[in-house]
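Residues in the sequence shown are numbered consecutively from 1, following UniProt numbering. From the three backbone atoms N, C-alpha and C, an ideal C-beta is built for every residue, glycine too. None of these values were measured; they are calculated from a predicted model.
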Amino acid sequence: MAFSTQSKLGDLLDNPQTAAILEKHMPGISTHPQIGMGKGFPLAVVANFSGGLITPEMLEAVDAEFAALG
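As C-alpha coordinates, this is what we get:
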(Lines of atoms letter the chains of each structure in order from A and count residues from 1; the text may use other names and numbers.)
(Lines give C-alpha, C1' and ligand atoms only; values in the text may rest on other atoms or scores of the structure.)
Protein backbone atom coordinates (compact mmCIF):
# COMPACT_ATOMS: atom_id res chain seq x y z
CA MET A 1 0.00 0.00 0.00
CA ALA A 2 1.39 3.37 -1.01
CA PHE A 3 1.09 6.15 1.55
CA SER A 4 0.75 9.89 0.99
CA THR A 5 -0.65 12.98 2.65
CA GLN A 6 -3.98 11.84 1.20
CA SER A 7 -3.86 8.71 3.39
CA LYS A 8 -5.99 8.66 6.52
CA LEU A 9 -4.08 9.84 9.56
CA GLY A 10 -5.13 6.73 11.48
CA ASP A 11 -3.61 4.47 8.82
CA LEU A 12 -0.38 6.48 8.89
CA LEU A 13 -0.16 6.25 12.68
CA ASP A 14 -0.91 2.51 12.67
CA ASN A 15 2.08 1.80 10.40
CA PRO A 16 5.40 1.94 12.29
CA GLN A 17 7.35 3.30 9.29
CA THR A 18 4.95 6.10 8.45
CA ALA A 19 4.33 6.92 12.11
CA ALA A 20 8.09 7.41 12.56
CA ILE A 21 8.15 9.75 9.55
CA LEU A 22 5.27 11.77 11.00
CA GLU A 23 6.98 12.03 14.38
CA LYS A 24 10.24 13.09 12.72
CA HIS A 25 8.60 16.04 10.95
CA MET A 26 5.70 16.69 13.34
CA PRO A 27 6.99 15.86 16.83
CA GLY A 28 4.23 14.87 19.21
CA ILE A 29 1.56 14.31 16.58
CA SER A 30 0.80 10.78 17.78
CA THR A 31 0.18 11.95 21.34
CA HIS A 32 -1.67 15.20 20.62
CA PRO A 33 -4.80 15.40 22.82
CA GLN A 34 -7.08 15.86 19.80
CA ILE A 35 -5.47 13.25 17.54
CA GLY A 36 -8.42 10.87 17.89
CA MET A 37 -10.70 13.32 16.12
CA GLY A 38 -8.45 13.41 13.05
CA LYS A 39 -7.68 9.73 12.54
CA GLY A 40 -10.50 9.21 10.03
CA PHE A 41 -9.39 12.06 7.79
CA PRO A 42 -6.55 12.37 5.28
CA LEU A 43 -3.45 14.02 6.73
CA ALA A 44 -3.80 16.91 4.25
CA VAL A 45 -7.32 17.61 5.57
CA VAL A 46 -6.17 17.44 9.19
CA ALA A 47 -3.48 19.98 8.31
CA ASN A 48 -6.16 22.44 7.18
CA PHE A 49 -7.68 22.33 10.67
CA SER A 50 -4.42 22.31 12.61
CA GLY A 51 -4.22 26.05 13.09
CA GLY A 52 -0.79 26.15 11.47
CA LEU A 53 0.70 23.30 13.51
CA ILE A 54 1.04 21.24 10.32
CA THR A 55 2.59 23.42 7.63
CA PRO A 56 2.70 22.91 3.85
CA GLU A 57 6.45 22.36 4.20
CA MET A 58 5.86 19.54 6.68
CA LEU A 59 3.37 17.93 4.30
CA GLU A 60 5.87 18.13 1.43
CA ALA A 61 8.61 16.58 3.57
CA VAL A 62 6.50 13.65 4.78
CA ASP A 63 5.08 13.06 1.30
CA ALA A 64 8.62 12.78 -0.10
CA GLU A 65 9.57 10.25 2.58
CA PHE A 66 6.36 8.29 2.05
CA ALA A 67 7.12 8.12 -1.69
CA ALA A 68 10.59 6.75 -0.93
CA LEU A 69 8.98 3.84 0.94
CA GLY A 70 7.61 2.63 -2.38
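Notebook entry, point to check: If you follow the alpha helix (DSSP H) that G38 is part of, which residue opens it and which one closes it?
Noted result: 35-38
Check: Taking the alpha carbon of G10 as the point to measure from, which residue in G51, E60, G36 has its own alpha carbon closest?
Finding: G36
Checklist line | Contact under 9 Å by Cβ, M58 with A47 | finding: yes
Next item on the list: Go to K8, then tell me how far its alpha helix (DSSP H) extends in each direction, as first and last residue.
Entry: Where K8 is concerned, there is no enclosing alpha helix (DSSP H), given that its DSSP letter is neither H nor E.
Note to self: Distance check for P56 and V62, CA to CA, integer angstroms please.
What the structure shows: Each residue's Cα considered, the two are about 10 Å apart.
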